[in-house]
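One line per chain: the protein sequences are A and B, in this order. My numbering puts the first residue of the first sequence at 1, with every later residue one more than the last. My numbering puts the first residue of the second sequence at 349, with every later residue one more than the last. Notes to accompany the following structure.
2 protein chains.
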Amino acid sequence: MGRKPVTLKELADHLGLSPATISLVINRSSVADSIPQETKDRIFAAVKKYNYRPNFFARSLGARRSFTVGVMVPEVSDGYSASVMSGVEDLLLQEGYFYFVVSHRHRADLIDEYPRLFLERSVDGLIAVDTPWTLSLSVPVVTVSGHNQVTGVTNIVLDHERAAEVALRHLTQIGHRHIAFIKGQEFSSDTEVRWSNIRKVARELGLSMPPALVAQLEGDSPTPEPGYVATLKLLAAGKPFTALFAFNDISAMGAIRACREAKLRVPQDVSVVGFDDIQSAAYQNPGLTTVRQPMREMGRIAAKTLLHRIRKTGADSNSQQITIEPELVIRGTTCAPSDGSASPRRPR
Amino acid sequence: MGRKPVTLKELADHLGLSPATISLVINRSSVADSIPQETKDRIFAAVKKYNYRPNFFARSLGARRSFTVGVMVPEVSDGYSASVMSGVEDLLLQEGYFYFVVSHRHRADLIDEYPRLFLERSVDGLIAVDTPWTLSLSVPVVTVSGHNQVTGVTNIVLDHERAAEVALRHLTQIGHRHIAFIKGQEFSSDTEVRWSNIRKVARELGLSMPPALVAQLEGDSPTPEPGYVATLKLLAAGKPFTALFAFNDISAMGAIRACREAKLRVPQDVSVVGFDDIQSAAYQNPGLTTVRQPMREMGRIAAKTLLHRIRKTGADSNSQQITIEPELVIRGTTCAPSDGSASPRRPR
DNA sequence: AGCAGCTACTAAAGCGGTTTTGTAGAGCTT
DNA sequence: AAGCTCTACAAAACCGCTTTAGTAGCTGCT
Numbered sequence: 001m002g003r004k005p006v007t008l009k010e011l012a013d014h015l016g017l018s019p020a021t022i023s024l025v026i027n028r029s030s031v032a033d034s035i036p037q038e039t040k041d042r043i044f045a046a047v048k049k050y051n052y053r054p055n056f057f058a059r060s061l062g063a064r065r066s067f068t069v070g071v072m073v074p075e076v077s078d079g080y081s082a083s084v085m086s087g088v089e090d091l092l093l094q095e096g097y098f099y100f101v102v103s104h105r106h107r108a109d110l111i112d113e114y115p116r117l118f119l120e121r122s123v124d125g126l127i128a129v130d131t132p133w134t135l136s137l138s139v140p141v142v143t144v145s146g147h148n149q150v151t152g153v154t155n156i157v158l159d160h161e162r163a164a165e166v167a168l169r170h171l172t173q174i175g176h177r178h179i180a181f182i183k184g185q186e187f188s189s190d191t192e193v194r195w196s197n198i199r200k201v202a203r204e205l206g207l208s209m210p211p212a213l214v215a216q217l218e219g220d221s222p223t224p225e226p227g228y229v230a231t232l233k234l235l236a237a238g239k240p241f242t243a244l245f246a247f248n249d250i251s252a253m254g255a256i257r258a259c260r261e262a263k264l265r266v267p268q269d270v271s272v273v274g275f276d277d278i279q280s281a282a283y284q285n286p287g288l289t290t291v292r293q294p295m296r297e298m299g300r301i302a303a304k305t306l307l308h309r310i311r312k313t314g315a316d317s318n319s320q321q322i323t324i325e326p327e328l329v330i331r332g333t334t335c336a337p338s339d340g341s342a343s344p345r346r347p348r
Numbered sequence: 349m350g351r352k353p354v355t356l357k358e359l360a361d362h363l364g365l366s367p368a369t370i371s372l373v374i375n376r377s378s379v380a381d382s383i384p385q386e387t388k389d390r391i392f393a394a395v396k397k398y399n400y401r402p403n404f405f406a407r408s409l410g411a412r413r414s415f416t417v418g419v420m421v422p423e424v425s426d427g428y429s430a431s432v433m434s435g436v437e438d439l440l441l442q443e444g445y446f447y448f449v450v451s452h453r454h455r456a457d458l459i460d461e462y463p464r465l466f467l468e469r470s471v472d473g474l475i476a477v478d479t480p481w482t483l484s485l486s487v488p489v490v491t492v493s494g495h496n497q498v499t500g501v502t503n504i505v506l507d508h509e510r511a512a513e514v515a516l517r518h519l520t521q522i523g524h525r526h527i528a529f530i531k532g533q534e535f536s537s538d539t540e541v542r543w544s545n546i547r548k549v550a551r552e553l554g555l556s557m558p559p560a561l562v563a564q565l566e567g568d569s570p571t572p573e574p575g576y577v578a579t580l581k582l583l584a585a586g587k588p589f590t591a592l593f594a595f596n597d598i599s600a601m602g603a604i605r606a607c608r609e610a611k612l613r614v615p616q617d618v619s620v621v622g623f624d625d626i627q628s629a630a631y632q633n634p635g636l637t638t639v640r641q642p643m644r645e646m647g648r649i650a651a652k653t654l655l656h657r658i659r660k661t662g663a664d665s666n667s668q669q670i671t672i673e674p675e676l677v678i679r680g681t682t683c684a685p686s687d688g689s690a691s692p693r694r695p696r
């Protein structure tokens, strides 16, 4: 299949026409209105016969459009990025765009360099997922879970206040008052906003948040390990809690493991709430209660927004925000605290 | 940052030199040997000052090289593909290549169309992950877990005989004789080979494989659902088994859930072995015993092989195979059968 | 003085399209 | 019969870079 591609000139020679004519006809230019249908048919027949495809580079060179966008994620193989990408892809391919993917793995030098490389490759726009973004580029940029206000950048963000509310309201409604928290890593673009909203909602609900009940994820491992370590710290602090709200599902899994190793049952002794609702959340044992982010949908919206902005260049190039609503998914890791009063704790 | 890009001609005008000279110097052509260092320095200084970057399309147009490869996967958001991609990316970016990703979601029309689109975009080569491949293209192709012998296609495959061996030997050594199996979906490129090797090894170990102990995954859901359904069938068949070897980790998770709902404990009543060792396997409860495929490594090797073939075009364009060794990871879902004789079964 | 051989560049041809401008010839007016 | 308007194309410029084939000017040799 597809040996040496046929060029426009070769096709023209075969047809006894000029390249210009063929190009006009193929691209349905209005200049070609005067060309009789018969000739057009001959052209299309030849195109089919010789399987002619315009050279992409030649075309892009003139048009200064690449029909390509760049997508930056922390790591392709983490569930969150992958789900968002899946949505991005849905839309882009269907609109005739392709995309490049790069994983920066939170390395500052790469976060700096990749946009440059993308620009060098003449992408028409780019999408940054869970990546701190400060650059104002010459092409449209859309972030997913980016929170900086930057000119020319549209942020697709979750409604974090609502997220904190559904999670904490659920826990308090079933009776929890002593809730531990795991904050995200410093580098995660959602950490800040998520945390401030949790504090805000906790205050409104009259929950106290002693430092001993707050731990932070450390290190850039994409595994549950950091959540496990953070939970170990919470347990070691010795301050009783009956529920734990993790930064994401992955860390919730680590937290559950840590609890179990400390002979605490989940959910009877400790209820656990995750965040994201990644695919494996439903298939944990028991199923993980979590705040769902519609990641694929966010990817789709990001792509749609980007294409929109690419097409009407110049127009709405100001910073914008699009907010997405989360949803609490109650599964098996939350229940009422085991008895009405003191929470079970292992002796320190 | 980066408004209107500077062209070579503009730079030439500024320097009072011709575009040709600058191009030669920048590309360190040997023709430029006679250019005095002073002039070269002036050029490099100007390049830096005006932040000149050669237009990628113009360059590719002449060179007929895009430094881009296409990657086809069933679905970006499934753990297997994502891990392989992660390895692919490691190598490609480091070598100055970018890659396009497309998910075909097992749709035959897309499996057919995407290679065409890739070719239209002038990719220098392509990698197909877990995708049935029959095409012989004008550019090098490398598959991961493809098993067809096609001219110009290199297959990176797991040593499936060894995989079957380590899994079944483990189970038989700890005392299992009645083992149930979950085969992969028809469309998965590994299904066939994996299965024939399992049969072979089972025969060598003297295990019988009655049809009632074999179920097949159905449907293209990337969730544990198909594994759950398959296990329901196995349980309904009523033929006792003390262990289950699933097609992959995802289906193993579904299987575990099905077992538990049937009041069978894992591993005490049913030992479960998965396949792949995806990230969440280690963090199941208990940790999943599984046959590890070094997916990221396979991705790296695929990329390395592809680049090698791209660089020495024409040479070794015959079909080849590169075999990778699996590794058994024993965690908590396997143990000796609960008692010496009959296996526990729920009454039918 | 004449010519070879360097040095330090430049001109020009491509790469494969798109797009603007041009033009030959036919048909219609007046 | 001259002039005008269409029709149906073609020529040429351009996109921005690479690369091959020169060439102007100087030096050195005989």
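The C-beta atom is built at its ideal place from N, Cα and C for all residues, glycine as well. Computed from a prediction, not measured in an experiment: that's the story for all the values here.
- Beyond the five residues adjoining it in sequence on each side, Arg331 of chain A comes within less than 6 Å, by CB distance, of Gly287, Leu288 and Thr289 in the same chain, given in chain order.
- If you draw a straight line from the Cα of Ala585 of chain B to the Cα of Phe56 of chain A, it is about 56 Å long.
- Only Gln627, Ser628, Ala630, Tyr631, Gln632 and Asn633 from the segment 612-641 of chain B bring a Cβ to less than 8 Å from some Cβ of chain A.
- Under DSSP, Asn155 of chain A forms a beta bridge with A:Thr143 and A:Gln321.
- Scanning its chain for C-beta atoms nearer than 8 Å, with the 5 sequence neighbours on each side dropped, one finds around Arg105 of chain A the residues Pro74, Glu75 and Asp220, in chain order.
- Residue pairing of Leu328 of chain A in beta bridges, as defined by DSSP: A:Val291.
- For Ser221 of chain A, there is no enclosing beta strand (DSSP E), as DSSP marks it with neither H nor E.
- In the DSSP assignment, Thr416 of chain B falls outside any alpha helix (DSSP H) and within the unbroken beta strand (DSSP E) covering Thr416 to Val421.
- Around Thr571 of chain B, the beta-carbon contacts reaching into chain A at under 8 Å are Gln279, Ala282 and Tyr283.
- Among the CB atoms of chain B, one or more fall inside 8 Å of the CB of Gly254 of chain A.
- The C-alpha of Val489 of chain B is placed about 42 Å away from the C-alpha of Cys683 of chain B.
- By the rule that beta-carbons nearer than 8 Å mark a contact, Tyr447 of chain B touches chain A.
- Contact annotation for Ala430 of chain B against chain A: Val76, Ser77 and Ala82 [CB-CB distance below 7 Å, chain order].
- Secondary structure of Gly364 of chain B (DSSP, three-state): coil.
- Under the Cβ criterion of 8 Å, Glu552 of chain B is not counted among the residues facing chain A.
- Of all alpha-carbon atoms in A:Ser338, A:Thr7 and A:Val6, the one lying nearest the alpha-carbon of Ile174 of chain A is that of A:Ser338.
- Taking 3 residues as the shortest admissible run, the segment 152-195 of chain A contains the following complete beta strand (DSSP E) segments, listed from N- to C-terminal end: 153-158 and 179-183.
- Counting only runs of 3+ residues, the beta strand (DSSP E) found wholly inside the segment 553-592 of chain B occupies 562-564, in chain order.
- When Cβ-Cβ separations below 8 Å define contact, Val577 of chain B makes no contact with chain A.
- As far as DSSP is concerned, Gly410 of chain B takes part in no beta bridge.
- Interface flag for Val450 of chain B against chain A is set, since a Cβ pair is found closer than 8 Å.
- Distance from the CA atom of Arg162 of chain A to the CA atom of Ser196 of chain A, rounded to whole angstroms, is 12 Å.
- For Phe392 of chain B, the enclosing alpha helix (DSSP H) starts and ends at Gln385 to Tyr398.
- Taking C-beta atoms as the reference points, Arg644 of chain B and Gly364 of chain B fail to come closer than 8 Å.
- Sorting B:Val450, B:Ser431, B:Ala430 and B:Asp361 by C-alpha distance to the C-alpha of Glu89 of chain A places B:Val450 at the top.
- Counting only residues of its own chain and dropping the five nearest sequence neighbours on each side, Phe448 of chain B has a CB closer than 6 Å to the CB of Gly418.
- Exposed is the label assigned to Lys263 of chain A, since fewer than 16 other Cβ atoms lie within 10 Å of its Cβ.
- Annotation for Val432 of chain B: the continuous alpha helix (DSSP H) segment containing it runs Gly427 to Gln442.
- For Ala563 of chain B, the nearest beta carbon of chain A is not closer than 8 Å to its own beta carbon.
- For Ile383 of chain B, same chain residues with a beta-carbon under 8 Å away, outside a window of 5 residues either side, are Thr369, Leu372 and Val373 in chain order.
- Nearest neighbour of Leu205 of chain A by Cα position, chosen from A:Pro240, A:Ala164 and A:Pro224, turns out to be A:Ala164.
- The closest CA to that of Arg309 of chain A, considering only A:Thr231, A:Lys9 and A:Asn155, is found on A:Asn155.
- Restricting attention to A:Met72, A:Pro5 and A:Gln94, the CA atom closest to the CA of Lys304 of chain A is found in A:Gln94.
- By the Cβ neighbour-count rule, Asp130 of chain A is buried, with 16 or more other Cβ atoms within 10 Å of its own.
- Residue pairing for Leu307 of chain A: DSSP places it in no beta bridge.
- Residue environment analysis places Asp124 of chain A among the buried positions, since at least 16 neighbouring C-beta atoms fall within 10 angstroms of its C-beta.
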